[in-house]
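Reading through the structure tokens given below for one structure.
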Amino acid sequence: MKKLVTKWDIAVITAVLLISLLLFAFRPKETGEKAVIRVDGKEYKTVDLRSDETEEITVNGVSVVYGGGEIYIKDSSCRDKICVNAGHLSKKGQFAVCAPNRVAVEIKGNDKNAPRAVTG
Amino acid sequence: MKTVKKLLPFLCISAVFAVFILSAVKDMYSEKTEYGFACGSEVKVTVFGVKGGEEKAKSAIAEINRLDSNVLSDTLKTSAVFKLNENGEYTDNNGELVSYINECTDLISKCGKMTLLSKPISDIWNISGGGRIPSEKELAETVKKADMKNLSVSGNKITLGGDAKLSFGAFGKGTVCEKGIDTLKSGGAKGGIVTVGGTVGVFGKCGKSDKVAVGVRDPFGNAGEYFAAVEVSDCYLSTSGDYEKFFEKDGKRYCHIFDAETAIPADSDITSVTVITNGGTLSDFLSTALFILGEDGLDLAKELGAEFIIVKKDKSVIISKQLEKQFSLVNDEFSVSAV
């Protein structure tokens, strides 16, 4: 009588398990190294903050500078400059919003224990 | 035995498919977040536990936008308030504006230092345009304009007297936040979080736990930084402070929250006030009222059944006794006492 489980079966099962493990280990991580720029509530661009050189992009009259581990709104055509005063952002969850120009920048990522929202 | 052997590959494949289908279904019911803008702030809506969460979140944002741009805004020409301010009167056919005015008028009757006619005050100080200090004469004239006696509602007709101009500045974010939560509830969501600027509304089951952790902004840090967190469910949280909208002159800070009796920015040893209560409009009102009244306002908070977190400029924090178990400090430069 044939064996219930052949070497071949074990090989397939092991392969499947290994692949799942690899997929799990290399699942995309949410770190503080990326930031999202939103315009009108829609994602406009996700930028990498890790490069040493800074880059600048201007959208809706708001100029955003990123790189060297941080992102900030350098200038804006708005009156109150709350967005510029938000300063340089480098930690997960920090954000700056220019409401008059409908532009927001936010550092991606959530620690498991981080609050779901912030009042203030 | 042979049958089992033959079935084994099929069982494996089915198991793999089952995992895929289950994860797809889980994804369908997982939380969805959408963003928008209203009341001069970013709006964030997260929906939990319902199929088509994205659509539900979008419809909440659409409803918030409608309420802001058709009714409450004092800057958008499309709104009822804008038309009221232009013409000195407005006939509110569907009664929506009247109901919000009545709700706010009731609240203001509990705090004489607030007014719905605050627009002339914020206009003369021009905080968003860099700020200026008005003369004594201007202040006296403006106090008269801001007097609630200049607002009258009769049936669905609203009338402004004495050059008054209405603004939902101290209420609007809370009002639209509450509207967003109501829209999610009626849309069948099991849980939701709506953030409008600094006002946060929470309802139902948001993820695995019945409670949601909400951070309290560090008034000395950047936007998004918090010095403490509170575990809450089914409530609204609002914060008023002097750390975002202000100007400084000769070393003195002038913030955007005014005492209606003097038309002068509130100024005390307090830098921010957070309140937690069961209504959006109420929480927005109360955080402003407590910022102006200071510790004198604690009785009002108790009367209205609200919890509070008051941060002073020396980093000492006063919280309400009932909040002790839900409150946790994350920045130990602050010291907390409960009253």
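Here the protein sequences line up with chains A and B, keeping their order.
Its first residue numbered 20, the first sequence is counted upward by one per residue in my numbering.
Its first residue numbered 956, the second sequence is counted upward by one per residue in my numbering.
Even glycine gets a Cβ: it sits at the ideal position worked out from N, Cα and C.
In this text, all values refer to a predicted model and were calculated from it rather than measured experimentally.
In whole angstroms, what is the alpha-carbon distance linking residue i and residue j?
i, j, result
"B/R1172", "B/F1182", "6 Å"
"B/K1068", "B/D1254", "15 Å"
"B/A970", "A/R46", "21 Å"
"B/A1101", "B/S1077", "10 Å"
"A/I29", "A/A44", "22 Å"
"B/I1088", "B/D1137", "41 Å"
"B/V1053", "A/G139", "29 Å"
"B/T988", "A/V137", "15 Å"
"B/C1161", "B/E1058", "29 Å"
"A/A118", "B/G1249", "29 Å"
"A/E72", "A/V66", "13 Å"
"B/K1166", "B/V1228", "22 Å"
"A/K64", "A/E74", "13 Å"
"A/L23", "B/K981", "35 Å"
"B/V1366", "B/E1041", "The first residue shown for chain B is 956 and the last is 1294, placing residue 1366 of chain B beyond what the model contains."
"B/A973", "B/Y984", "17 Å"
"B/A1035", "B/Y1045", "7 Å"
"B/E1262", "B/C1132", "18 Å"
"B/S1193", "A/T33", "54 Å"
"B/G1117", "B/L1106", "9 Å"
"A/R69", "A/G106", "18 Å"
"B/E929", "A/T25", "The question about residue 929 of chain B has no answer, for chain B in this structure spans 956 to 1294."
"B/P1075", "B/I1219", "12 Å"
"B/D1287", "B/G1196", "20 Å"
"B/K1128", "B/V1151", "6 Å"
"B/S1238", "B/I1231", "6 Å"
Residue i CB to nearest chain B CB: under 8 Å?
i, result
"A/D28", "yes"
"A/R69", "no"
"A/G139", "yes"
"A/A94", "For the record, residue 94 of chain A in the displayed sequence is Asp; it is not Ala. With 8 Å as the cut-off, A/D94 does not count as an interface residue toward chain B."
"A/A54", "no"
"A/R98", "yes"
"A/V84", "no"
"A/G14", "Absent from the structure is residue 14 of chain A, since the part of chain A shown begins at 20 and ends at 139."
"A/I38", "no"
"A/R57", "yes"
"A/A44", "no"
"A/G88", "no"
Have a look at the DSSP bridge pairing and note the partners of residue i.
i, result
"B/Y1045", "B/I1113"
"B/I1063", "In DSSP, B/I1063 forms no bridge with anything."
"A/A123", "A/R57, A/V116"
"B/A1183", "B/V1171, B/L1284"
"A/T138", "B/V1171"
"B/L1192", "B/V1155, B/I1231"
"B/C1210", "B/F1201"
"A/L41", "Its beta-bridge partners do not exist; DSSP assigns none."
"B/S996", "B/A993"
"A/G106", "Bridge partners of A/G106: none, in fact."
"B/T1150", "B/K999, B/V1155"
"A/E75", "A/V84"
"B/S1292", "B/I1273"
"B/K987", "B/V1002"
Within 8 Å (strictly less), CB to CB, does residue i reach chain A?
i, result
"B/T1229", "yes"
"B/Y984", "no"
"B/V1002", "no"
"B/K960", "yes"
"B/C1161", "yes"
"B/I1274", "no"
"B/R1172", "yes"
"B/I1148", "yes"
"B/V1005", "no"
"B/F1123", "no"
"B/S969", "no"
"B/S1083", "yes"
"B/K1200", "yes"
"B/L963", "yes"
"B/T1097", "no"
"B/S978", "no"
"B/N1286", "no"
"B/G991", "yes"
"B/T1154", "yes"
"B/V1036", "no"
Please compile the residues from chain C whose C-beta is within a distance smaller than 8 Å of the C-beta of residue i.
i, result
"B/Y1181", "In the displayed structure, chain C is absent; the protein chains listed are A and B."
Indicate, with yes or no, if the ligand ADP has a heavy atom lying under 7 Å from the CB of residue i.
i, result
"B/L1245", "In the structure shown, the ligand ADP is absent, as is every other ligand, since no ligand is present at all."
Next item on the list: Quick one: which unbroken beta strand (DSSP E) runs of 3-plus residues sit fully inside the segment 1230–1275 of chain B? Chain order, please.
Entry: Those beta strand (DSSP E) runs which fall completely within the segment 1230–1275 of chain B and span 3+ residues are 1262–1267, 1271–1274.
Check: For the segment 1202–1214 of chain B against the segment 1078–1089 of chain B, are there 3 or more C-beta pairs whose distance is under 8 Å?
Finding: Two segments are said to touch when three or more pairs of C-beta atoms, one from each, lie closer than 8 Å; by this definition the segment 1202–1214 of chain B touches the segment 1078–1089 of chain B.
Margin query: Any contact between the segment 1112–1124 of chain B and the segment 1025–1036 of chain B? By contact I mean 3 or more CB pairs, one from each, below 8 Å.
Written below: Touching, yes, given that three or more Cβ pairs across the two stretches are closer than 8 Å.
Next item on the list: Check whether the segment 1151–1167 of chain B touches the segment 1264–1273 of chain B, counting contact only when three or more Cβ pairs, one atom from each stretch, lie closer than 8 Å.
Entry: Of all C-beta pairs linking the segment 1151–1167 of chain B to the segment 1264–1273 of chain B, fewer than three are shorter than 8 Å, placing the two stretches out of contact.
Next item on the list: Inspect the CB distances between the segment 1141–1152 of chain B and the segment 1006–1017 of chain B and report whether three or more fall short of 8 Å.
Entry: The answer is yes - the segment 1006–1017 of chain B touches the segment 1141–1152 of chain B, with three or more Cβ pairs under 8 Å.
Check: Is the segment 1271–1291 of chain B in contact with the segment 1094–1110 of chain B, if contact means three or more CB pairs nearer than 8 Å?
Finding: Taking 8 Å as the limit for Cβ pairs, the verdict is that the segment 1094–1110 of chain B does not touch the segment 1271–1291 of chain B.
Checklist line | Three CB pairs or more closer than 8 Å across the segment 961–968 of chain B and the segment 122–137 of chain A | finding: Verdict: no, contact absent.
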